[in-house]
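**Q** Take 29 as the starting number for the sequence shown in the working numbering and just add one per residue. My questions all concern the structure below.
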Amino acid sequence: MRIGILGSGLMGGKLGTLFAQAGHQVVFSYSHDDKKLERLARRAKAQAGTPAEAARGADAVLLAVHWSRVDDVLDQAGALSGKLVLSCTLPMSKDDSHMVVGLTTSAAEALAAKRPKANMVSAFSTAPSEVLFSVFAARQKNTKKETRPDLVFCGDSSKAKKTAARLIRDIGFNPVDVGALSIARYIEPFSLLAAEIAYEGKGGPQLTYRFERLKTG
Ligand SMILES: NC(=O)c1ccc[n+]([C@@H]2O[C@H](COP(=O)([O-])OP(=O)(O)OC[C@H]3O[C@@H](n4cnc5c(N)ncnc54)[C@H](OP(=O)(O)O)[C@@H]3O)[C@@H](O)[C@H]2O)c1
């Protein structure tokens, strides 16, 4: 698949690198620093470009920017009609102290309203960026789904969710479809809990996906 990365920071840089290592064609975009995009692209044997170039011809795009940058990056990326948009973006205030969307809606639903012709899927927000490379490295060993860390995702298009599940599996997680996009109202606060466990707790980031597994096991 061709995958456009909108936001090449901690999440976009790592997920884009892993999608490329899993055999997909990746275009990194949206950073303050074009040299960083080129460096990421060189290391991952991928490409660097503008958000419009990343979105053009993409089968899927990953939206991985701070909530305050969403309108800017979407304006640059265009309509994204018919495309799978995987979003790990959380609706945080500028100083990251609290969520600015929630209870009766979610960032994922607000994004879907901004891009009604795209197929929005909420995924990856529950996985701190620190765990991504080690989950990928262990995927050859963890071939059975019971041994892979769970990763919840939700969306309204079954076709888009099938593609999302494949991408989630490609980088070493066990995809767990938790339903319609509106379920993101529960995933997003859970993601903050996961981050709290990862960064403030004593168990380290890997505890977060063990916690996810508890739910299903
Ligand atoms: N980090 C995590 O573990 C994690 C986990 C779950 C969910 N999330 C969510 O995922 C999203 C991305 O998080 P992140 O940690 O990857 O953020 P990040 O490291 O700050 O990355 C954001 C990207 O946007 C770029 N950017 C910001 N402002 C820009 C501007 N004015 N012009 C051009 N580029 C700009 C940054 O550029 P630079 O490359 O120059 O910095 C960076 O590449 C957020 O919504 C966050 O809440 C993060």
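Ideal placement from N, C-alpha and C gives every residue a C-beta, glycine not left out.
Which class does F152 belong to by DSSP, given the choice of helix, strand or coil?
**A** In the three-state DSSP reduction, F152 falls in the coil class, being neither helix nor strand.
**Q** Using C-beta distances below 7 Å, list every residue in its chain close to A50, excluding the 5 sequence neighbours before and after it, in chain order.
**A** D198, I199
**Q** Got a sec? Which residues, its chain only, sit under 7 Å from D99 by beta carbon, not counting five neighbours each side?
**A** none
**Q** By DSSP, does P217 sit in helix, in strand, or in coil?
**A** helix
**Q** According to DSSP, is G130 part of a helix, a strand, or is it coil?
**A** coil
**Q** Using DSSP bridges, identify the partner residues of D178.
**A** Note: D178 is bridge-paired with N202 in the DSSP secondary-structure output.
**Q** Can you tell me which of Y58, L43, E224 puts its alpha carbon nearest to the alpha carbon of H52?
**A** L43
**Q** Return yes when at least one heavy atom of ligand 1 lies under 8 Å from the C-beta of A223, else no.
**A** yes
**Q** With respect to 8 Å, is the separation between the Cβ of D99 and the closest non-hydrogen atom of ligand 1 below this value?
**A** No.
**Q** Determine the contact status of D178 and F152, defining contact as a CB-CB distance below 9 Å.
**A** no
**Q** When the Cα of H94 is compared with those of A76, D87, A74, D124, which residue comes out closest?
**A** D124
**Q** Leaving out five residues on either side along the sequence, give the residues of the same chain with a beta carbon under 8 Å from the beta carbon of L220.
**A** Hits under 8 Å: L118, M127.
**Q** Just to confirm, are V54 and G32 a CB contact at a threshold of 9 Å?
**A** yes
**Q** By alpha-carbon positions, which one of R167, K142, S162, S115 ends up nearest to A192?
**A** S115
**Q** Compare the beta carbon distance of M120 and E137 with 9 Å and say whether it is the shorter of the two.
**A** No; because the gap between Cβ atoms is not below 9 Å, this pair is not in contact.
**Q** Let me check you understand the geometry: is the CB of K190 closer than 8 Å to at least one non-hydrogen atom of ligand 1?
**A** no
**Q** Should A107 go down as buried or exposed, given a rule of 16 or more other Cβ atoms within 10 Å for buried?
**A** exposed
**Q** With a threshold of 16 other CB atoms inside 10 Å of the CB of P156, please say whether the residue is buried or exposed.
**A** It counts as buried.
**Q** Look at E158 and A226 and say whether their C-beta atoms are less than 9 Å apart.
**A** Yes.
**Q** What residues sit near ligand 1, counting only those whose C-beta is closer than 6 Å to one of its heavy atoms, in chain order?
**A** G35, S36, G37, L38, M39, G40, Y58, S59, H60, D61, K64, A92, V93, H94, W95, R97, C116, T117, L118, M120, S153, P156, S157, S219
**Q** Just list the beta strand (DSSP E) runs in the stretch 64-142, keeping only unbroken ones of 3 residues or longer that don't cross its boundaries, in chain order.
**A** 88-91, 112-115
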